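Going down the list, the sequences are from chains C and L.
For what it's worth, the working numbering labels the leading residue of the first sequence as 49, then goes sequentially.
For what it's worth, the working numbering labels the leading residue of the second sequence as 49, then goes sequentially.
The structure appears right after this line, and notes come after that.
Number of protein chains: 2
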Amino acid sequence: MAEIKGTVDMLGRSGLTPVDDAVKILMDRLSTIELSSETVSLEQSLDRILAKPVISPEDLPTAARSTMDGYAVRAADTFGASQTMPCYLNITGEVLMGEAPAGEVKKGCCHKIPTGGLLPDGANSVVMLEHTVPVDETMIEIVKGVGDGTNLIQRGEDIGIHARALDAGHLLRPQDLGLLAGIGVADVPVFKKLRVGIVSTGDEIVPYGKKPLPGQIRNINSITLSGMITRAGALPIDYGIVSDRMEIFFPAMEKAVLENDIVLFSGGSSVGVRDLGEQAVEALGPPGIFIHGVALKPGKPLLMGLSGTTPVFGLPGHPVSALVCFDLFVQPAIIKLSGLGREMEPPPQTLAAKLSRNINSAPGRKDVIRVRLKKNDGSWIASPVMGKSGSISTLSRAHGFFFIDEDSQGVSEDSTVEVFFYK
Amino acid sequence: MAEIKGTVDMLGRSGLTPVDDAVKILMDRLSTIELSSETVSLEQSLDRILAKPVISPEDLPTAARSTMDGYAVRAADTFGASQTMPCYLNITGEVLMGEAPAGEVKKGCCHKIPTGGLLPDGANSVVMLEHTVPVDETMIEIVKGVGDGTNLIQRGEDIGIHARALDAGHLLRPQDLGLLAGIGVADVPVFKKLRVGIVSTGDEIVPYGKKPLPGQIRNINSITLSGMITRAGALPIDYGIVSDRMEIFFPAMEKAVLENDIVLFSGGSSVGVRDLGEQAVEALGPPGIFIHGVALKPGKPLLMGLSGTTPVFGLPGHPVSALVCFDLFVQPAIIKLSGLGREMEPPPQTLAAKLSRNINSAPGRKDVIRVRLKKNDGSWIASPVMGKSGSISTLSRAHGFFFIDEDSQGVSEDSTVEVFFYK
Numbered sequence: 049m050a051e052i053k054g055t056v057d058m059l060g061r062s063g064l065t066p067v068d069d070a071v072k073i074l075m076d077r078l079s080t081i082e083l084s085s086e087t088v089s090l091e092q093s094l095d096r097i098l099a100k101p102v103i104s105p106e107d108l109p110t111a112a113r114s115t116m117d118g119y120a121v122r123a124a125d126t127f128g129a130s131q132t133m134p135c136y137l138n139i140t141g142e143v144l145m146g147e148a149p150a151g152e153v154k155k156g157c158c159h160k161i162p163t164g165g166l167l168p169d170g171a172n173s174v175v176m177l178e179h180t181v182p183v184d185e186t187m188i189e190i191v192k193g194v195g196d197g198t199n200l201i202q203r204g205e206d207i208g209i210h211a212r213a214l215d216a217g218h219l220l221r222p223q224d225l226g227l228l229a230g231i232g233v234a235d236v237p238v239f240k241k242l243r244v245g246i247v248s249t250g251d252e253i254v255p256y257g258k259k260p261l262p263g264q265i266r267n268i269n270s271i272t273l274s275g276m277i278t279r280a281g282a283l284p285i286d287y288g289i290v291s292d293r294m295e296i297f298f299p300a301m302e303k304a305v306l307e308n309d310i311v312l313f314s315g316g317s318s319v320g321v322r323d324l325g326e327q328a329v330e331a332l333g334p335p336g337i338f339i340h341g342v343a344l345k346p347g348k349p350l351l352m353g354l355s356g357t358t359p360v361f362g363l364p365g366h367p368v369s370a371l372v373c374f375d376l377f378v379q380p381a382i383i384k385l386s387g388l389g390r391e392m393e394p395p396p397q398t399l400a401a402k403l404s405r406n407i408n409s410a411p412g413r414k415d416v417i418r419v420r421l422k423k424n425d426g427s428w429i430a431s432p433v434m435g436k437s438g439s440i441s442t443l444s445r446a447h448g449f450f451f452i453d454e455d456s457q458g459v460s461e462d463s464t465v466e467v468f469f470y471k
Numbered sequence: 049m050a051e052i053k054g055t056v057d058m059l060g061r062s063g064l065t066p067v068d069d070a071v072k073i074l075m076d077r078l079s080t081i082e083l084s085s086e087t088v089s090l091e092q093s094l095d096r097i098l099a100k101p102v103i104s105p106e107d108l109p110t111a112a113r114s115t116m117d118g119y120a121v122r123a124a125d126t127f128g129a130s131q132t133m134p135c136y137l138n139i140t141g142e143v144l145m146g147e148a149p150a151g152e153v154k155k156g157c158c159h160k161i162p163t164g165g166l167l168p169d170g171a172n173s174v175v176m177l178e179h180t181v182p183v184d185e186t187m188i189e190i191v192k193g194v195g196d197g198t199n200l201i202q203r204g205e206d207i208g209i210h211a212r213a214l215d216a217g218h219l220l221r222p223q224d225l226g227l228l229a230g231i232g233v234a235d236v237p238v239f240k241k242l243r244v245g246i247v248s249t250g251d252e253i254v255p256y257g258k259k260p261l262p263g264q265i266r267n268i269n270s271i272t273l274s275g276m277i278t279r280a281g282a283l284p285i286d287y288g289i290v291s292d293r294m295e296i297f298f299p300a301m302e303k304a305v306l307e308n309d310i311v312l313f314s315g316g317s318s319v320g321v322r323d324l325g326e327q328a329v330e331a332l333g334p335p336g337i338f339i340h341g342v343a344l345k346p347g348k349p350l351l352m353g354l355s356g357t358t359p360v361f362g363l364p365g366h367p368v369s370a371l372v373c374f375d376l377f378v379q380p381a382i383i384k385l386s387g388l389g390r391e392m393e394p395p396p397q398t399l400a401a402k403l404s405r406n407i408n409s410a411p412g413r414k415d416v417i418r419v420r421l422k423k424n425d426g427s428w429i430a431s432p433v434m435g436k437s438g439s440i441s442t443l444s445r446a447h448g449f450f451f452i453d454e455d456s457q458g459v460s461e462d463s464t465v466e467v468f469f470y471k
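Below is the structure:
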């Protein structure tokens, strides 16, 4: 795979790929992958992404409706009416909610109408209750005239028939479900939820419910990655802990690639297992590995490849490193392959905070510093949560993280940093 | 209920409650409600909120482990070692992943150790591979000495036995599940998910899958509110469309209050139905209504009450008004009753944007202006999405909203506004 820019190995034989370059290479690789879609019921469509535009099959509202409690009138009958010069109209009918209006509003007449009531024939406007004074059961005084179309929502004014209600790539929020309900769209074309397979390796890893023997450690990564996949809007498929013996690991990876849209394996941390991951991805067929090793701390040993059109990510075995790699590479990949339209992407949720102390960093790599946030006198203070990269409690204590970029040797106390939240 | 501050009616007999006061009154009412908890499996605990602190039942790691590939040594054997003055150690063993180390590291000796390997007896430090040069199969040269405890994570250094792993009120994020897995906590005490009942009224409302007859309108609010409840972390229970005839509406509300932690009804918009909602909440027993009508546009007719310890919200019938009231009142109520700890609450996700045009506002009420965001030359432009308050398409076109406060008569073009996102 010598022709692929960014392919390097972990054994120091060439440089590490800078994070931004690695993300660009990844996004470029993903851009040719075709997305699949399916139809789901409106009830099932929350937080899914539209695969096709929705064209409104009808006008909403289906006919002109009043937006006020009051009287449906012919506007011309009220022209010039005022407190000092009121006009008088005969009440000749009443519009009831949920029913078609009965009869026509004739010249000099009006019908009582509630908010949401359908405008009766003959009328072209509504006088709000507050601008009327009852004379008796059959007549009102109008103290403020209305123009044509006042206090109405016209047929199709919310959305017109054949208008584009929602674009492809739209993330279906609660209000979007409301719009689809309003125009009677009960079946919704959405992109399929991505299936993301998780294979954990490492002979020292045991299921978290099992008491570890000396030298063993409970499986932290599978449940953590599952949660991150769920929160990214995809479906985690956990293949459990797979032995790092080639004859067991290779077929497990092959099965995971067959059954999923994306595969993550979280490696044992010994050099032998690292090599095994590299060999396994190459064995899964072309195009193979395109990134191995990034200039990132923690997260350096990241491996990214493609088996056919299935992206495969080899994540570091250490939980903190694995999660940093998820945030920076896997999550953007899931979003890219989810079909989300550019304009639905919210700006990244960040917050400016003052750093509580100096942090040093080696130039030439991107450092991810986890922080805890605290409000102090109305401004935010970010305190670095230090700890070894295998230390899961540091992630649990952190509210978010900030970056120290490749060209920086550190950030000094009281500097302002841009903190990204762990959602 | 004359003794309750803020109780006003919709018929102009007294003033409307300012939004911030209404929120304070609501929060005050909710603060006495006791929360229920339950135990769920770790797999089921993502995004749930801890009801009790978790105390670690064991040390993590359970014994000192290497954080590097290298050699386990007695640090004193390496003191002063350098490129020019290396020291030499005999390789007398190897630590295997997942196994207890065999034998002891004696003076002048070392054992090969992988990252994550358990520190063998006798050793107190690890020299990383990069600082060694192999001499032959049985001996290495060490070119950089290490101090006691170098390249190790000590027993209990991630989290110690009996230490508080997580506090009550903690929102369980993926990394928190990882921490719980790491210390073998498979059963998690969490607050019960809140059940939020939704009752839709209005004789003009039909199920969205049904073709509306003249005067009828499809049910938009039930599915929209369901989605918002789900996104707020609670469980929506939809009671469908209930007739606004007292003998049907009252028992339906009674049932909903019995079966849920919070009840929303989304009223028909006629004056008669509004009164019915008020009567129904009073009929549900004390303490009854504490807010009726807020100085808010859209959203003025909001009603809030308590039946025993169950909050009941009467939302406006118009979808946009209903959703604004949900955002400002129901969502904070759900969060308050979910048990979420203060320090897990993320700062509100807002963004500063320039307003694309002048917007007028009546003083004395809070206006909620829905906007669409667009990036222009690196800064954000917020364009108001105008439309009637019944117009669901305006909400669907909006990325978020900003407030015009009570004391303002409007905001002029190019002013900077703080936009809250629709998640």
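Built from N, CA and C at the ideal position, the CB exists for glycine as well.
Source: prediction; values computed, not measured.
Simplified DSSP assignment, three categories, for residue i
i	result
alanine 70/L	helix
alanine 370/C	helix
proline 411/L	coil
lysine 384/L	helix
threonine 55/C	In this prediction, threonine 55/C has a pLDDT of 43, which is less than 50 and means its spatial position is unreliable; what the coordinates show is noted afterwards. If DSSP states are grouped into helix, strand and coil, threonine 55/C belongs with coil.
valine 378/C	helix
phenylalanine 451/L	strand
aspartate 76/C	helix
proline 364/L	coil
histidine 218/C	coil
Residue interval of the beta strand (DSSP E) (run including residue i)
i	result
valine 311/L	310-314
tyrosine 136/C	135-142
Spatial distance of residue i from residue j (CA atoms)
i	j	result
leucine 74/L	histidine 210/C	43 Å
alanine 70/C	valine 433/L	39 Å
serine 291/C	glutamate 252/C	10 Å
glutamate 106/L	alanine 446/C	22 Å
isoleucine 188/C	proline 395/C	54 Å
glycine 141/C	valine 174/C	14 Å
phenylalanine 361/C	isoleucine 337/L	56 Å
lysine 471/C	leucine 312/C	21 Å
proline 349/C	alanine 328/C	15 Å
alanine 400/L	lysine 422/L	12 Å
lysine 240/L	serine 85/L	5 Å
phenylalanine 374/L	serine 79/L	19 Å
isoleucine 268/L	glycine 208/C	17 Å
Opening and closing residue of the alpha helix (DSSP H) in which residue i lies
i	result
threonine 272/C	269-279
isoleucine 440/L	440-445
proline 222/C	222-230
isoleucine 207/C	Isoleucine 207/C -> no alpha helix (DSSP H), and no H or E assigned at all.
leucine 306/C	294-307
Supposed contact pair residue j and residue i - C-beta distance, whole angstroms, cut 8 Å
i	j	result
glutamine 223/C	threonine 272/L	6 Å
glycine 217/L	glycine 389/L	3 Å
proline 260/C	threonine 110/L	6 Å
aspartate 125/L	glycine 151/L	With 8 Å as the limit, aspartate 125/L and glycine 151/L do not qualify as a contact, their Cβ atoms being about 16 Å apart.
leucine 94/L	glycine 275/C	5 Å
leucine 214/L	valine 102/L	5 Å
Proximal residues, the stretch 439-452 of chain C versus chain L, C-beta separation under 7 Å: Ser439, Ile440, Ser441, Leu443 and Ser444
Short-range partners of chain C found in the stretch 456-471 of chain L, where Cβ spacing is below 7 Å: Phe469 and Tyr470
Residues of the stretch 382-410 of chain C with a CB closer than 7 Å to any CB of chain L: list them in chain order, please. Pro394, Pro395, Gln397 and Leu399
Positions along the stretch 104-117 of chain L whose CB lies within less than 7 Å of some CB in chain C: Pro109, Thr110, Ala111, Thr115 and Asp117
Residues within the stretch 117-150 of chain C neighbouring chain L, beta-carbon criterion of under 9 Å: Asp117, Val143, Leu144, Met145, Gly146, Glu147, Ala148 and Pro149
Near-chain C residues of the stretch 216-249 of chain L - C-beta to any C-beta below 9 Å: For the stretch 216-249 of chain L, which is checked against every Cβ of chain C, the residues closer than 9 Å are His218, Leu220, Arg221, Pro222, Gln223, Asp224, Leu225, Gly226, Leu227, Leu228, Ala229, Gly230, Ile231, Gly232, Val233 and Ala234.
Would you list, in chain order, the members of the stretch 283-298 of chain L that have their beta-carbon closer than 7 Å to a beta-carbon of chain C? In summary, no residue of the stretch 283-298 of chain L has a CB separated from any CB of chain C by less than 7 Å.
Can you list, in chain order, the residues of the stretch 258-275 of chain C whose Cβ is nearer than 9 Å to any Cβ on chain L? Lys258, Lys259, Pro260, Leu261, Pro262, Gly263, Gln264, Ile265, Arg266, Asn267, Ile268, Asn269, Ser270, Ile271, Thr272, Leu273, Ser274 and Gly275
Determine which residues of the stretch 186-203 of chain C have a Cβ less than 7 Å from any Cβ of chain L, and write them out in chain order. Against chain L - using a Cβ distance shorter than 7 Å - the residues of the stretch 186-203 of chain C are Ile201.
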